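K.L.:
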Amino acid sequence: MKPQVKSLFRNILYIIALSLFILSAGYIIILQAGIAGNFKELTILTIVFLFICIVSFVIFQRGQSKDPQSQTLHTLVSVSVKLLLEMVLALLWFFAAKKTSSESVFMFFILYLTFSLFSVLLILKTLKNKSL
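With positions in the sequence shown counted from 1, the corresponding number in our numbering is that position plus 1255.
1) Do you know how far the Cα of Phe1349 is from the Cα of Ser1374?
2) What first and last residue would you give for the alpha helix (DSSP H) that runs through Gly1318?
3) Output the distance between the C-alpha atoms of Leu1297 and Phe1304, rounded to the nearest integer angstrom.
4) For the alpha helix (DSSP H) that contains Asn1384, what are its first and last residues?
5) Can you give me the Cβ contacts of Leu1328 inside the same chain, cut-off strictly under 8 Å, excluding the 5 residues immediately before and after it?
6) Which value, in whole angstroms, describes the spacing of the CA atoms of Leu1382 and Leu1273?
7) Assuming Glu1341 and Ile1307 are in contact, meaning their beta carbons sit under 8 Å apart, how far apart are those beta carbons, in whole angstroms?
8) Is it the case that the Cβ atoms of Phe1315 and Ser1333 are separated by a distance below 8 Å?
9) I need the straight-line Cα distance from Thr1355 to Asn1266, nearest angstrom please.
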């Protein structure tokens, strides 16, 4: 198996493990707080953020096997696509689905920050040994 494919699968497994941790922690917190209906929203948002991160990682890893100029472009495109997809998600979540309660807004931004930080850390870890 090629190192790029192995790294991609490892990163995807990491992000799936993070998603499962978020869902299990959210389920426990929702049970303890007695909030009804928020686990469905948490599950939907987590799955969508998971999909966005996987798309970003695939684009990023695809560029790692290319020449240095292409690596830079793929890294930029990866981060840009992630940002644009998250903006579309925010637009759909807040305006189309009318999820404007304080719990829903707080949950969205916590998930956004968690997945964004995780993505940046994985990209930096991969680029640690490579120079752009």
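Even glycine gets a Cβ: it sits at the ideal position worked out from N, Cα and C.
As the structure is a prediction and not an experimental result, all values here were calculated from the model.
P.N.:
In this structure, then:
1) 23 Å
2) Taken as a continuous stretch (DSSP letters only), the alpha helix (DSSP H) holding Gly1318 covers Asn1293 to Gln1319.
3) 10 Å
4) Taken as a continuous stretch (DSSP letters only), Asn1384 belongs to no alpha helix (DSSP H), as it is neither H nor E.
5) Gly1318
6) When rounded, the distance between both Cα atoms is 21 Å.
7) 6 Å
8) Going by C-beta atoms, Phe1315 is nearer than 8 Å to Ser1333.
9) Going from the Cα of Thr1355 to the Cα of Asn1266 covers about 32 Å.
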